Amino acid sequence: MSGTNLTRDEARERASVVDPASVRYTVELDLTRGDTTFGSTTNASFAATEGAGTWLDLVAPAVHEVVLNGTALDPAEVYDGARIRLDGLAAQNEVTVVADAAYMRTGEGLHRFVDPVDDDVYLYSQFEVADARRVYACFEQPDLKAEVTFLVDAPSTWEVVSNSPGKAGKASHGTKRWTFEPTPRLSTYVTAIIAGPYHVERSEHVGKEKTIPLALYCRKSLAEHLDAAELFDVTTRGFAFFEDVFGLAYPFAKYDQLFVPEFNAGAMENAGAVTHHEDYVFRSRVTDAAYERRAETILHEMAHMWFGDLVTMRWWDDLWLNESFATWASVLSLVEGTRWTDGWTTFAVTEKLWALRQDQLPSTHPISADIRDLEDVEVNFDGITYAKGASVLKQLVAWVGRDEFLEGVRAYFAEHAWGNTSLTDLFAHLEQTSGRDLSAWNEEWLRTAGVNTLRPVVTVDNNGAYTSVAIEQTAAPEHPALRSHRVAVGLYDYTDDGALVRRRRVELDIAGPRTEVAELRGETQPDLLLVNDDDLTFAKVRLDDRSLATVVRSIGSLDSLPRALCWTAATDMLRDAEMSASSFVELVLGGVDHETSMGVVQHVLNSARAAIDLYALPANRTVLSARWAAALRQLAGAAEAGSDRQLAFARAWVAAAASDEHVAEIRALLDGDEALLPGLTMDTDLRWTLLQRLVVLGAAGDDAVDAELERDNTATGQRQAAYARAAVPTYAAKAAAWQAAVESDELPNALLTATVRGFAHPEQRELVRPYVQPYLDAVPRVWAERTSESAQSIIIGLFPRVLADAATASTVRHWLEGAELPDAARRLVVEGLADLDRALRAQERDRQAG
Ligand SMILES: [Zn+2]
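Residue numbers for the sequence shown, in the working numbering: 2 to 851.
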């Protein structure tokens, strides 16, 4: 085998030849050379089986020298563009590789960005899943950990950051050499290099055993927006919490957090040098939902320092455990250590709904996935891996007990520090501390795919008392497993002042297709019967007719968590065509003004928007959309001046506005009319939102975009402009966007995703329709020729989801039958088709609703 798509079998074989305890790299990088490549010299030393052969991974445009144990090898013979073949190994080996490596514009490897504000260059690395090999020669698999010493030559005005502390030498000819302390044993995917004239803020945290130096970095042109005090506060709270519950001091020498441009994900857990998407430096007003999300991300990456970086999965099959643990631990620390004490409510509407959506796609898979190779894992950073995993982990914690769970985790860290593990290593400790056998749980929850539906079935006598209450459990035919669920059932009644208050709570185990809740026989039927109250299990939940009517009438009268569970149930019913789009929009309009969690407010506003765009019968869309826009305008007008709610309603209103009157109002806001929505801060990004709406409606064009970009010629401004230009409602604009995104690979990742989003605007169906066949034709080529991140941006983002009609579904289905595609690429198209089919069923429901 050769090539970049490393398989699990190859990784196993290599780990049996190379001694995992022996690997060391010294990596010299020369970042002073130019703007397309940089010098990369790796010296690798490792023990191996004598006489055996292996290879180093490297993806680089030029390899100049390969020296194995003093013998120069001919790069043309041993290097194939992805691997350097090493035959005839000695017991102890030294390899030197001298190469030119390439700067990337896709956010993979060493990304290079030029700030349009001041032309400064900023670099950062992103190595997960397997892109350290784009920077240095290495054994690119998580179980061949290594001590790495980085030496970096950089312009003398730059900061250079890596996993370990580093020092710059004296400047000479405008450059400086940075020497970093050797790292502890790390997997290559969590090593990192960040370099550029970054702005720095420093602090420290007095930890359990040592003082941890803390730093924040962002581009100079963003420095005025960096709210260091708040960021350090969350960071410090996280360390206090994790060092305590994990029973182990922070394992690395310092903790830097770097806010970097054009980042593909939210953040990355590089050991001691976490990178965050720089949108987390808020340059415009955002609601508290964004602050909560950012805190959750900070805590997620911090949890990885122990779970992931200190103790690491052997292979990518256990990626789910890595991500689920970090997600669960982050919400736990959010709730117990910060001001966001409602974190589990947000989790219920965001993570859980993501998990439900993913678990009903044809591509769903058991949480514990079979990851045969790197392509499998690259498309597996999904709602199962992060959100369903975290949901069932939460459930597991409830089952073994919080204290027993954490005691097991502490023992696991202590035993496996700096090593690699698989799921069984964690479970062995959990079984020991809890005294419970986890094999059945493992089988039921981790080894089977699909989600169960729990539906209450009740009968009532003439006096309004229950004669029976049962919970029926079903599963989709493709994934028929029924599971054991621990659930709470809540009975809620209206009080005299209209609140919905829980009268009684019953907790029980559910198994099989039908479970009687005998305790509730004779109980007066409540206004709302809520299955899975307190959110103990992972399941789809249904409401009986009386309860649904109560929710539609008064969802706002519930407390935060049950309200979130009802929003989730309703959203799921919408997606399953059990509730029409029109009813869902009414539910949101009736309840959203009473919703107190900004995270939930934004979630339901987005769901309602999707209901109109995708799930409403096309004939109903215009009326529904106008009703939605008018109601949001009222909500924005009635909201407290300057409040988060005002901003959230105003943004949702703008996205829906279409009438002449609304267009005039948007123009007035842009022109500085402060009386229209008093207290609304007209900042840079809100201006873009307003302008983009005018563009989508054809009420403003390229000139206006150019003018706005002149006011805001920043990285974010360029993204906003790219989105706007692709959303101009003309065939020419769509053709230009298509050309830039698909036919050329010149766009950097951030502009690519912005262009793709603008192209596929949900209200521009007729302009997008001619691209269904070109899209399908392009898929195999895009998958073959682009990097993984770019290919996914294009294939997912340009899938003709917005058309949401039967003809498109049929075209795609027919094409899939004949297409020859790698599994990972096919999966993305199959998921798009499943979304289309779902939209068609929902539209049918909306038709019946009349
Ligand atoms: Zn993570």
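Here a beta-carbon is modelled for each residue, glycine too, at the ideal position from N, C-alpha and C. Model, not experiment: these values are computed from the prediction.
Margin query: Considering only their Cβ atoms, is the gap separating L427 from V246 smaller than 8 Å?
Written below: In this structure, L427 does not lie closer than 8 Å to V246 by Cβ.
Next item on the list: Whole angstroms is fine: what's the gap from A785's alpha carbon to W689's?
Entry: One C-alpha to the other measures close to 35 Å.
Check: Any heavy atom of ligand 1 within a distance shorter than 7 Å of the CB on E324?
Finding: Answer for E324: yes, Cβ within range of ligand 1.
Next item on the list: Take every Cβ of the region 649-669, pair it with every Cβ of the region 623-631, and state whether three or more of those distances are shorter than 8 Å.
Entry: The region 649-669 vs the region 623-631: in contact.
Checklist line | Touching by the beta-carbon criterion (3+ pairs, under 8 Å), the region 270-288 and the region 203-211 | finding: With the cut-off at 8 Å, the region 270-288 and the region 203-211 do not touch.
Check: Which one or two residues does DSSP pair with D257 in a beta bridge?
Finding: Note: D257 sits in a beta bridge opposite A216, A274.
Item checked: Residues near Y137 by beta carbon distance below 7 Å, same chain, minus five either side -> Cβ within range, chain order: Y26, V28, S41, T43.
Note to self: Between which residues of its own chain and R839 is the CB-CB distance below 7 Å, once the five residues before and five after are set aside?
What the structure shows: Cβ neighbours of R839 within its own chain (closer than 7 Å, five residues either side excluded): R576.
Item checked: Proximity test, H278 beta-carbon vs ligand 2 heavy atom, cut-off 7 Å -> Only ligand 1 can be found as ligands here, which leaves ligand 2 out of the picture.
Checklist line | Y387 (DSSP reduced to helix, strand or coil) | finding: Reduced to three states, the DSSP call for Y387 is helix.
Item checked: Outcome for S331 when other beta-carbon atoms lying within 10 angstroms are tallied against a minimum of 16 -> Per the 10 Å Cβ criterion, buried.
Margin query: Between T270 and ligand 1, is there a pair consisting of the residue's CB and a ligand heavy atom that are separated by less than 7 Å?
Written below: The amino acid at residue 270 is misidentified as Thr; the sequence shows Glu. At least one heavy atom of ligand 1 is nearer than 7 Å to the Cβ of E270, so yes.
Margin query: Going by DSSP in three states, G591 sits in which element: helix, strand or coil?
Written below: Three-state DSSP puts G591 in a helix.
Item checked: Of the listed residues L397, Q433, A399, nearest to A412 (C-alpha basis) -> It is Q433.
Next item on the list: Have a look at F242 and E352 and give me their C-alpha separation to the nearest angstrom.
Entry: Roughly 22 Å separates the two Cα atoms.
Notebook entry, point to check: At a cut of 8 Å, does the region 146-163 reach the region 91-101 through at least three beta carbon pairs?
Noted result: Flag = no, the region 146-163 and the region 91-101 do not touch.
Notebook entry, point to check: Can D116 and R220 be called in contact, C-beta distance under 8 Å?
Noted result: Their beta carbons are under 8 Å apart, which means D116 touches R220 by this criterion.
Next item on the list: Could you check how far apart the C-beta atoms of E141 and P183 are, in whole angstroms? I think they sit under 8 Å.
Entry: Between P183 and E141 the Cβ distance is about 19 Å, and since that is not below 8 Å, they are no contact.
Check: Assuming T180 contacts L152 under a Cβ cut-off of 8 Å, what Cβ separation, rounded to an integer in Å, is found between them?
Finding: That belief holds up - the Cβ atoms of T180 and L152 are roughly 6 Å apart, short of 8 Å.
Notebook entry, point to check: Hey, is H301 close to ligand 1, as in C-beta under 7 Å from one of its heavy atoms?
Noted result: Yes.
Next item on the list: Using three-state DSSP, classify V553 as helix, strand or coil.
Entry: Reduced to three states, the DSSP call for V553 is helix.
Next item on the list: Return the chain-ordered list of same chain residues with a C-beta closer than 6 Å to the C-beta of R294, the five sequence neighbours on each side being excluded.
Entry: Nothing listed; no residue qualifies.
Next item on the list: Say whether the region 668-685 touches the region 634-649, bearing in mind that this needs 3 or more beta-carbon pairs closer than 8 Å, one atom from each stretch.
Entry: As far as the Cβ criterion goes, the region 668-685 touches the region 634-649, which means the pair count is three or higher.
Note to self: For a quick check, are the C-beta atoms of L300 and S334 less than 8 Å apart?
What the structure shows: Yes, Cβ-Cβ distance for L300 and S334 is below 8 Å.
Note to self: For A193 and S165, which I take to be in contact (beta-carbon distance under 8 Å), what is that distance rounded to the nearest angstrom?
What the structure shows: Contact check for A193 and S165: beta-carbon distance about 10 Å, past the 8 Å limit, so the pair fails to qualify.
Checklist line | Nearest residue (CA-CA) to P478, options V461, A450, R504, R622 | finding: Measuring from the Cα of P478, the nearest candidate turns out to be A450.
Check: Just the Cα atoms here: how many angstroms apart are A155 and V19?
Finding: For the pair A155 and V19, the Cα-to-Cα distance works out to about 33 Å.
Next item on the list: Grab me the residues of R842's own chain with a C-beta within less than 6 Å of its C-beta, minus the 5 sequence neighbours each way, in chain order.
Entry: For R842, where only same-chain residues beyond five positions count, the Cβ hits under 6 Å are A578.
Notebook entry, point to check: Residue ranges of each beta strand (DSSP E) run of no fewer than 3 residues wholly in the region 163-240, ordered along the chain?
Noted result: As far as the region 163-240 is concerned, its whole beta strand (DSSP E) runs of at least 3 residues are 167-169, 176-181, 194-197, 200-207, 212-219.
Notebook entry, point to check: Would a C-beta distance cut-off of 8 Å place L834 and L375 closer than the cut-off?
Noted result: Cβ atoms of L834 and L375: not closer than 8 Å.
Note to self: I need the straight-line Cα distance from G798 to L529, nearest angstrom please.
What the structure shows: If I take the Cα positions, the gap works out to 40 Å.
Checklist line | Whole-Å CB distance - L357 paired with D573, under 8 Å assumed | finding: So it is a contact: roughly 6 Å between Cβ atoms.
Check: Short check: CB of V783 to CB of L822, under 8 Å?
Finding: The Cβ atoms of V783 and L822 do not sit closer than 8 Å to each other.
Note to self: What does the alpha-carbon distance come out to for the pair M2 and D88?
What the structure shows: Only weak support is given to the placement of M2: the predicted model assigns it a pLDDT of 44, under 50, and the value that follows is read from those uncertain coordinates. Taking the CA atoms as reference points, M2 sits about 15 Å from D88.
Check: By how many angstroms is the C-alpha of F128 removed from the C-alpha of M105?
Finding: Cα atoms of M105 and F128: separation of roughly 12 Å, rounded to the nearest angstrom.
Note to self: If contact is defined by three or more beta carbon pairs under 8 Å, each pair taking one atom from either stretch, is the region 606-620 in contact with the region 257-268?
What the structure shows: Result no; under three Cβ-Cβ pairs closer than 8 Å.
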